[in-house]
Amino acid sequence: MKISTKGRYGLTIMIALGRQFGEGPVALRQIAAANDLSEAYLEQIVSPLRNAGLVKSVRGAYGGYMLANEPSSITAGDVIKVLEGPIQLVEGIENEAPSQRHLWTTVSNAVKNVLDTTTIDDLAKYTDEEPDDSGYMFYI
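Below is the structure:
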């Protein structure tokens, strides 16, 4: 499974909204400028997030987007599933030898576990200055 720019930028949007949670709506223009991304592309990405109920939109001059729920209740897995579909590393493992089937199932479950236990709040609070002892290992 390769996570596309759609999934990566979707997380970028959600992290930015998580950092501003409780402070009102955030314009996609701000997120695009801060991350050197296309505002038009972010508009395409935020639409499925809104349809899935992960973000709310606010119209008007001071409008923008905000998280629909607390950042601690939304996981990276929620975002990736909406934007990328089901998380499946290897397809057609039914025909593999039992040892290989076990390996691919274990790897897939590990990835799902990391995505499903890492919240937007976790990601929003992360800084480059933090020591790497947070307990999260983002590699397999």
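Per the working numbering, residue 190 is the first one in the sequence shown, and the count goes up by one each step.
Cβ coordinates follow ideal geometry from the N, Cα and C atoms, glycine included.
Small disclaimer: the values here were computed from a predicted structure and weren't measured.
| query | Is K245 helix, strand or coil by DSSP? | reply | Within the sequence shown, the letter at position 56 stands for residue 245. K245 falls in the strand class under three-state DSSP.
| query | When DSSP labels each residue in this structure, what does Y251 get in the three-state scheme? | reply | For the purposes of this step, residue 251 is taken as residue 62 along the sequence shown, with counting starting at 1. Reduced to three states, the DSSP call for Y251 is coil.
| field | Among V235, I309, A299 and G207, the one whose alpha carbon lies nearest that of T264 | value | Taking the sequence shown and counting its residues from 1, the one referred to as residue 264 is at position 75. Ranking the options by Cα distance to T264, first place goes to I309.
| According to DSSP, residues forming a beta bridge with V268 | On the sequence shown, residue 268 is found 79 positions in, with the first residue counted as 1. None; V268 has no bridge partner.
| Cα-Cα, which of L206, G196 and G211 is closest to R164? | Nothing can be reported for residue 164: it is not among the residues displayed for the chain, which extend from 190 to 329.
| query | For the candidate residues A241, Y198 and G213, whose alpha-carbon lies nearest to that of Y251? | reply | Working through the sequence shown from its first residue, we reach residue 251 at position 62. Answer by Cα proximity: G213.
| message | What does the alpha-carbon distance come out to for the pair G281 and K314? | response | Here residue 281 corresponds to residue number 92 of the sequence shown, with the count starting at 1. Here residue 314 corresponds to residue number 125 of the sequence shown, with the count starting at 1. Their Cα atoms are separated by approximately 38 Å.
| said: By alpha-carbon positions, which one of I204, N284 and Q233 ends up nearest to T307? | reply: If you number the sequence shown from 1, residue 307 lands on position 118. The shortest C-alpha separation from T307 is found at I204.
| message | Looking at the strands, I want to know which residues DSSP matches up with T308. | response | Counting from one through the sequence shown, the residue named residue 308 turns up at place 119. Paired residues: T264.
| Close-in-space but distant-in-sequence residues of the same chain around Q276 (CB under 6 Å, 5 per side omitted) | The sequence position of residue 276 within the sequence shown is 87, counting from 1. Sequence inspection shows Ile at residue 276; the Gln mentioned does not correspond to that position. Hits under 6 Å: K301.
| said: Measuring straight from C-alpha to C-alpha, what distance separates I234 and S261? | reply: For the purposes of this step, residue 234 is taken as the residue at position 45 of the sequence shown. For the purposes of this step, residue 261 is taken as the residue at position 72 of the sequence shown. Straight-line spacing of the CA atoms in I234 and S261 works out to 21 Å.
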